[in-house]
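Protein chains in written order, with our numbering: chain A, 1 to 167; chain B, 168 to 741. Single-structure report; data block below.
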């Protein structure tokens, strides 16, 4: 089962490596991870996407709590109001010839993606959506053109409604 | 405000925290701190012969006294040598602070001489670690390290101090801040248990017809043994103990059933398996206790008191979990019993009868008619020789002798039994004993070890000479790595691969070479007298080399994959 874990931790050297190390030490996988300081720059927020049932997520959550640098941990699945989650994707595609360039632009319009860089032979596309939608967009583009390079940010998530994760 | 350099702040902070003993080994990256230590009047330093032993000594010091043990080593190999000992303290939740030297901050990452990423190398085996970035960090980080090491679930903390943070020519403000004023925004261990849960636990305890109280090492660490004994007596509970819990409850008390688990006493394992309420305090359900978790205590409701929320329901699902300090929660349970006017269930008599019956049917036993000295009788003889004394501390190494000690030695006081339970570190016993002796010079400190384990840290004979630490070392010398060998005897068709120690040194001459006393026992008839002689040589470190039966096997022995009471009692059961 797909699980998103959000962590607030002290923005200190080595703090992130403790979090990442814990996952490998306890035998959990990190599918993707995002980390950046919050509005209070002494605190970082990490979002980790992992796989596991509720019991294993509860275990890793407790272990994360034990880390001295960790201020707060929450599984984003916990909330009945649901969450908003997004990822960002960049794709560099080979785009030579008018027809192909039109086709790619059309796809971007359909998916509400943007073309953020243009050369006579290349487009760089930017797409912000859920992980599943990003997978679909990537597939659609790859069917039309040669993909030279992609980069994805990993998931960012936040509770809907008034439920918040703060220190 | 007083101005001190970084190195002086290290020593002053330690002094202000009440540290009087440090174990360590100098080197280039820590020499400035050693220079300050030279003029300290409050701190005594013991120079070890290998850094691993420094941390084991600090660990032994901490286990015996309940205070934080402190070790001091240099960067690189100094730090990496301590890793096994840090992991030992981590697995057994022992408060130790290790201060390591580091190359200057401008050299970090350049593969400088004796540089290693100490914080990185130790990360999985510490409760927390600090890397100082500037001299001003030093005092603050050491205080925080003490606070973290000694609160909540205790454990080792590393403070890595780069050489430039020790700079003797840079002076800055020093302020003495007591631990009570330390506050960490992201660290707040729970002390008191949830009131509702405590009441539920108390009610179940009075209601249960077949209860068992299972004690772990955390009870000793929390200084909760008095509360534990009060509860056990008041509710007439049978008491079982994990390896780490041994000494929390008096061994010769009628209510004490003994060690549980892999080599646990049948009575204890049998009671656990058949109980209807397992009331656990500060245990973590190690796999050496539970055996097959699917078959663990099938009829029992489980109450689990632990300071570490991550321990609860990690291995065994807990019906009534209570997060909190063992001492505080046990007091809450006692108060709840008062409040609810609950006392021992009168129906416990038949439960006790069945326990006494299993005790009679399957007592601990060994072959007393063998002409070879049996390791069990050595433990009994040492235990008898010090019976009734309150000043005796026993450390063990890891292996057959360790389990025999846990099974047979009679302990009357908490903290008087020190063993590496979680990590199972051979080489722990002797330096730990030296650490205890440093803490308690008047105590009689006994290290029960094997010929394999002792050779892992025997270089410390030299340290014990230098600082006059006359511990008594009893080597149960079976010329083999007995614990592994017994596996080979039973499960590997007696193929003794790499478990024979036929070319041991002459331990008596070894003692002599280091300026100590050595004795040897080869005949049963000399056992008692030699033990008494060793103990009477109060001012000498004595090694007693006792030639024990190579073929003796630790029983009872759980069958792998079975329930907790599924045990073998002799080779024929295998």
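Just so you know, even glycine gets a beta-carbon here, dropped at the ideal spot from N, CA and C. Being a predicted model, the structure only gives us computed values, none of them experimental.
* To do: Could you name the residues of the same chain whose beta carbon sits closer than 8 Å to that of residue 715 of chain B, not counting the 5 residues immediately before and after it, in chain order?
  => Around residue 715 of chain B: 539, 540, 541, 542, 545, 643, 644, 645.
* Asked: Where does residue 314 of chain B sit, in a helix, a strand or coil, going by DSSP?
  -> helix
* Asked: chain A partners of residue 295 of chain B, CB-CB under 7 Å?
  -> Neighbours of residue 295 of chain B on chain A, chain order: 68.
* Asked: Taking the continuous alpha helix (DSSP H) assigned at residue 525 of chain B, which residues delimit it?
  -> 515-528
* Is any beta-carbon of chain B found at less than 8 Å from that of residue 166 of chain A? -> no
* If we ignore side chains and look at the alpha-carbon of each, how far apart do residue 465 of chain B and residue 732 of chain B end up? -> 12 Å
* Flag residue 121 of chain A as yes if its beta-carbon sits less than 8 Å from any beta-carbon of chain B, otherwise no. => No, residue 121 of chain A lies away from the interface with chain B (no Cβ there is under 8 Å from its Cβ).
* **Neighbour flag for residue 353 of chain B against chain A, beta carbons, 8 Å** => yes
* Asked: Is it the case that the Cβ atoms of residue 15 of chain A and residue 9 of chain A are separated by a distance below 8 Å?
  -> In this structure, residue 9 of chain A lies closer than 8 Å to residue 15 of chain A by Cβ.
* In this structure, does DSSP put residue 659 of chain B in helix, strand or coil? -> coil
* To do: Within its chain, find whatever has a CB closer than 6 Å to the CB of residue 89 of chain A; leave out the 5 residues flanking it on each side and keep chain order.
  => Result list for residue 89 of chain A: 127, 134, 152, in chain order.
* Take residue 504 of chain B as the anchor and find which of B:512, B:369, B:524 has the nearest alpha-carbon. => B:369
* Asked: In the structure shown, what three-state DSSP assignment does residue 631 of chain B receive?
  -> helix
* With 16 other CB atoms within 10 Å as the buried threshold, where does residue 1 of chain A fall? -> exposed
* Count the CB pairs spanning the region 169-185 of chain B and the region 300-320 of chain B that are closer than 8 Å, and state whether there are at least three. => yes
* **Three-way DSSP call (helix, strand, coil) for residue 282 of chain B in this model** => coil
* Within its chain, find whatever has a CB closer than 6 Å to the CB of residue 76 of chain A; leave out the 5 residues flanking it on each side and keep chain order. => 4, 6, 83, 157
* Spell out the partners DSSP gives residue 335 of chain B in its beta bridges. => BP columns for residue 335 of chain B are empty, so no partner.
* To do: Could you tell me whether any Cβ in chain A is nearer than 8 Å to the Cβ of residue 315 of chain B?
  => yes
* **CA-to-CA distance, residue 406 of chain B to residue 427 of chain B, given in whole angstroms** => 10 Å
* **Rounded straight-line distance, which links the Cα of residue 680 of chain B to that of residue 563 of chain B** => 23 Å
* Asked: What residues from chain B crowd round residue 50 of chain A, counting only those whose CB sits closer than 8 Å?
  -> Those do not exist, as residue 50 of chain A stays about 17 Å from chain B at its closest Cβ, beyond 8 Å.
* To do: Check whether the Cβ of residue 762 of chain B lies closer than 8 Å to any Cβ atom in chain A.
  => No answer is possible for residue 762 of chain B: the residues shown for chain B start at 168 and end at 741.
* Under 8 Å, do residue 150 of chain A and residue 91 of chain A count as touching if we go by C-beta distance? -> Contact: yes.
* **Residues in the region 456-490 of chain B having any Cβ partner in chain A nearer than 9 Å** => 475, 476, 477, 478, 479, 480, 481
* Locate the beta strand (DSSP E) running through residue 114 of chain A, then write down its first and last residues. => 114-118
* Is residue 577 of chain B closer than 8 Å to residue 418 of chain B when the C-beta atoms are compared? -> In this structure, the beta-carbon distance from residue 418 of chain B to residue 577 of chain B falls below 8 Å.
* Asked: Buried or exposed: which applies to residue 277 of chain B, given that a residue is buried once 16 or more other Cβ atoms fall within 10 Å of its Cβ?
  -> Counting Cβ neighbours within 10 Å, residue 277 of chain B comes out exposed, since fewer than 16 surround it.
* Anyone know if the C-beta pair for residue 507 of chain B and residue 446 of chain B falls short of 8 Å? -> no
* Assign residue 421 of chain B to one of two classes, buried (16 or more other C-beta atoms within 10 Å of its C-beta) or exposed (fewer than that). => By the 10 Å Cβ count, residue 421 of chain B comes out exposed.
* C-beta atoms of residue 603 of chain B and residue 306 of chain B nearer than 8 Å -> no
* Give the residues from the region 5-29 of chain A that approach chain B closer than 8 Å (Cβ to any Cβ), ordered along the chain. => 9, 10, 13, 14, 17, 18, 21, 25
* To do: Measure the beta-carbon distance from residue 424 of chain B to residue 522 of chain B and round it to whole angstroms, keeping in mind my assumption that it falls under 8 Å.
  => 7 Å
* To do: Would you mind listing the beta strand (DSSP E) stretches within the region 434-491 of chain B that are 3+ residues and don't spill past its ends, in chain order?
  => Entirely contained in the region 434-491 of chain B, the beta strand (DSSP E) runs reaching 3 residues are, in chain order, 444-448, 468-473, 487-490.
* To do: Note down, in chain order, each residue of its chain lying with its Cβ closer than 6 Å to the Cβ of residue 199 of chain B, except the 5 sequence neighbours on either side.
  => 174, 333, 335
* Asked: Whose CA, out of B:671, B:712, B:676, B:388, lies closest to the CA of residue 689 of chain B?
  -> Cα-wise, what sits closest to residue 689 of chain B is B:712.
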